[in-house]
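A short write-up of the structure that comes next.
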Amino acid sequence: MGKAEKFSPIRSDVTTPENPEALEAAGARPGHRRSVVWRVLAVPVVAAIALGAAGGAASAAPSKGEAESLKARAQGLVEAGYPAALAAVSDSKGESAGVAVGKGNLETGQAPPMDGEVRVGSNTKTFVAVVVMQMVQEGKVGLDEPIETYLPGLIKGEGIDGSKITVRQLLQHTSGLPEYADTYRSSNAEVIENMQHYVPPRDLLDTALGKPAAFEPGTQWKYTNTNYIVLGILIERVSQRPVGEQIDQRIVKKLGLSHTYLPGNGEKKLHGPHPQGYYLSAEGKLEDMTDLDTSLAWAAGGMVSTPSELNTFFQAVFDGRLLTQASIDEMKNGAVDASSHLGSGRVYGLGLVGTSLTCGGTSWGHGGDIDGYHTGNAVGPDGTAAIFAVTAAPAAIADQSNLESSAKEKYQLVEDAVDAALCHK
Numbered sequence: 385m386g387k388a389e390k391f392s393p394i395r396s397d398v399t400t401p402e403n404p405e406a407l408e409a410a411g412a413r414p415g416h417r418r419s420v421v422w423r424v425l426a427v428p429v430v431a432a433i434a435l436g437a438a439g440g441a442a443s444a445a446p447s448k449g450e451a452e453s454l455k456a457r458a459q460g461l462v463e464a465g466y467p468a469a470l471a472a473v474s475d476s477k478g479e480s481a482g483v484a485v486g487k488g489n490l491e492t493g494q495a496p497p498m499d500g501e502v503r504v505g506s507n508t509k510t511f512v513a514v515v516v517m518q519m520v521q522e523g524k525v526g527l528d529e530p531i532e533t534y535l536p537g538l539i540k541g542e543g544i545d546g547s548k549i550t551v552r553q554l555l556q557h558t559s560g561l562p563e564y565a566d567t568y569r570s571s572n573a574e575v576i577e578n579m580q581h582y583v584p585p586r587d588l589l590d591t592a593l594g595k596p597a598a599f600e601p602g603t604q605w606k607y608t609n610t611n612y613i614v615l616g617i618l619i620e621r622v623s624q625r626p627v628g629e630q631i632d633q634r635i636v637k638k639l640g641l642s643h644t645y646l647p648g649n650g651e652k653k654l655h656g657p658h659p660q661g662y663y664l665s666a667e668g669k670l671e672d673m674t675d676l677d678t679s680l681a682w683a684a685g686g687m688v689s690t691p692s693e694l695n696t697f698f699q700a701v702f703d704g705r706l707l708t709q710a711s712i713d714e715m716k717n718g719a720v721d722a723s724s725h726l727g728s729g730r731v732y733g734l735g736l737v738g739t740s741l742t743c744g745g746t747s748w749g750h751g752g753d754i755d756g757y758h759t760g761n762a763v764g765p766d767g768t769a770a771i772f773a774v775t776a777a778p779a780a781i782a783d784q785s786n787l788e789s790s791a792k793e794k795y796q797l798v799e800d801a802v803d804a805a806l807c808h809k
C-alpha cells in the first residue's frame, strides 16, 4: 500500500465532538439499584429453543442432537451460577439453532428473550479491525505505516513515540502502549460510577499516555484496550465520521443486521429485548448493571449485538462479504502467542483470537467481557459459528475465597461450550 496523506496535528486539548443533551443525560446520578441474591438451586431453569433458517440448504442445518446439546451446555452454565445463558450456532449455509435459559431478570423471574441483545465487550475490537482492514484495502491506511502518519503529534509520552508504532502493532497488541482501563477500575464502586457518565475517547487516551510505555513496539505482546481506542480515533480521523457510523455503514447495514450497534454518547439503555446483566456488589449480591454508559470501553468494547447477529458478523469476516481473501489472510497470518492473557493454545492476529479446538484445527473469533455480560464465540474450520453469552462476568459468580482459580474455571465453562458446539459434540 502507498503512504496515505498526512493529516494535520491533533492538539492535546481537542476531544471527540460531544452531544450536550446526551452528556447531560449521562451525567444524571443513578437511581436506587435493586439488590437481588442469585440462588441457582432455589428456582427451576426456564428454557427455550428455536431452529431457524437464514437462507441456507436445510440439509446442512444443525441437527436436532446438536440443538439439544446447545441447550444442555447453556443450561449447564446456568447451573454453574450464571443468571442466564443465550446461545446460538449457525452453519456455513445460514441454518441456525438458538437457545435461552435461566432467568433474564432475577427480580421478576422472567425468562431471557430468545436471541436478546447483550453487550459484547471486546468483540467490538473485531468490528474495528474490519473497518481498518477495509480502509487498508481502499488505500487510505497502511498496515505498516506509523500511527504518526495519521495522528501526527498525538501518540507521545514516556517511552511512547507514534513514529515507531505501526497500525499493525495496534491491531495485534504489540505496540507497547500502556493500559488506560485499570485506572478506572480500582473497585466495583468506581466502575459503577464511571459507567454512569460519558467519558470522551481523548480522556481515555490521555489517561494511558500519562503512563510509561509497557515495552518497545514490536518486542512483546500484551492485550491492551488503549490500542483500540487509538484505532477508533484513527478511523474517525481518516473518515471524518464517528466510528459507530463507520461500523454501521460498512458492516451492520451491509449484513442486514438490526440489533448490532455502538451506543451513542450518553446512551445507557439497550434498544431491543434483552436479559438483564449483573455484577457482584460489595455485599456479595448479584445486582442489576444493565443500563451503562459504555463510552469507557468505546472502540475497545462498547458494542451491543445478539447471538445470531454476532455469528453472522464473524462468519462474514471470513466468507468474503466484508473483506478480500488477502485481508482475511493478513488478519490470521503471523498471529502471536496470546496464552499469557487468553489461555493456553491461543494466538492473536489482527483483531482476532485463534483457538485450538479439541477436535482439531483452529477456530477464529474473539469473545468479550463488560460489566454484566460475558461472551465466548468463534467460527470453526467448516464455517460453523457458535456463541454463548452469559449475564454476569465469570468473576461475579466465582468463589470469592478462591477468586482467581474459580473465575478461570467459570470462564473455561463458556469456552468449553463453544468448543463443543464447533466440534459438533
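Letter 348 of the sequence shown, counting from 1, is numbered 732 in the numbering used here, and no numbers are missing.
Backbone N, C-alpha and C define an ideal beta-carbon position, used for all residues, glycine too.
Everything numeric in this text was worked out from a predicted model, so none of it was measured.
Contact between GLU529 and VAL512 does not hold, since the beta-carbon distance rounds to 17 Å and is not under 8 Å.
A distance of 8 Å or more separates the beta carbons of GLN553 and LEU707. GLU793 carries a helical assignment under DSSP once its states are collapsed to helix, strand and coil.
Taking a cut-off of 8 Å on C-beta distances, the region 447-466 touches the region 768-778, as three or more cross pairs fall below it. In terms of Cα proximity to ASP766, the closest of THR696, ASP475 and GLN521 is ASP475. If you keep only unbroken beta strand (DSSP E) runs of at least 3 residues inside the region 699-745, you get 730-732 and 737-740.
For PHE697, DSSP records no beta bridge to any residue. Here DSSP, grouped into helix, strand and coil, assigns TYR612 to helix. By the Cβ criterion, the region 653-667 is in contact with the region 459-470, since at least three pairs of Cβ atoms, one from each stretch, lie closer than 8 Å. Contact between LEU734 and GLN580 is ruled out by a C-beta separation of about 33 Å, above the 8 Å threshold. If you check the CB distance, GLY686 and SER679 come in under 8 Å. In the same chain as LYS716, and ignoring 5 residues on each side of it, the C-beta atoms closer than 6 Å to its own belong to GLY733, in chain order. Look at PHE599 here: in three-state DSSP terms it is coil, with no helix or strand label. Around the beta carbon of HIS725, fewer than 16 other beta carbons sit within 10 angstroms, so the residue counts as exposed. Excluding its 5 nearest sequence neighbours in each direction, ALA484 has C-beta neighbours in its own chain below 6 Å: ALA432, LEU470, PRO496 and MET498, listed in chain order. Between the region 587-595 and the region 688-700 there are fewer than three C-beta pairs closer than 8 Å, too few to call the two in contact. Between ILE539 and VAL622 the beta-carbon gap is near 15 Å, outside 8 Å, which marks them as no contact. Under DSSP, ARG503 shares a beta bridge with VAL688. A distance of 8 Å or more separates the beta carbons of ALA801 and GLY749.
If you look at ILE549, you'll find it isn't in any beta strand (DSSP E); DSSP assigns it neither H nor E. Taking every protein chain shown into account, the CB of LEU787 has fewer than 16 other CB atoms within 10 angstroms, so this residue is exposed. Here GLY543 carries a coil assignment [DSSP, helix/strand/coil].
Here the alpha carbon of GLU629 sits roughly 12 Å from the alpha carbon of ASN649.
For ALA700, same chain residues with a beta-carbon under 7 Å away, outside a window of 5 residues either side, are LEU639 and LEU706 in chain order. Scanning PRO536, TYR607 and LEU588 for the CA closest to the CA of VAL737 turns up TYR607. Residues of the same chain with a CB within less than 7 Å of the CB of PRO626, apart from the 5 flanking positions on each side, are GLU620 in chain order. Residues of the same chain with a CB within less than 8 Å of the CB of GLU542, apart from the 5 flanking positions on each side, are LYS595, PRO596 and ALA597 in chain order.
Of the residues assessed, THR492 falls on the exposed side of the cut-off, its CB having fewer than 16 other CB atoms within 10 angstroms.
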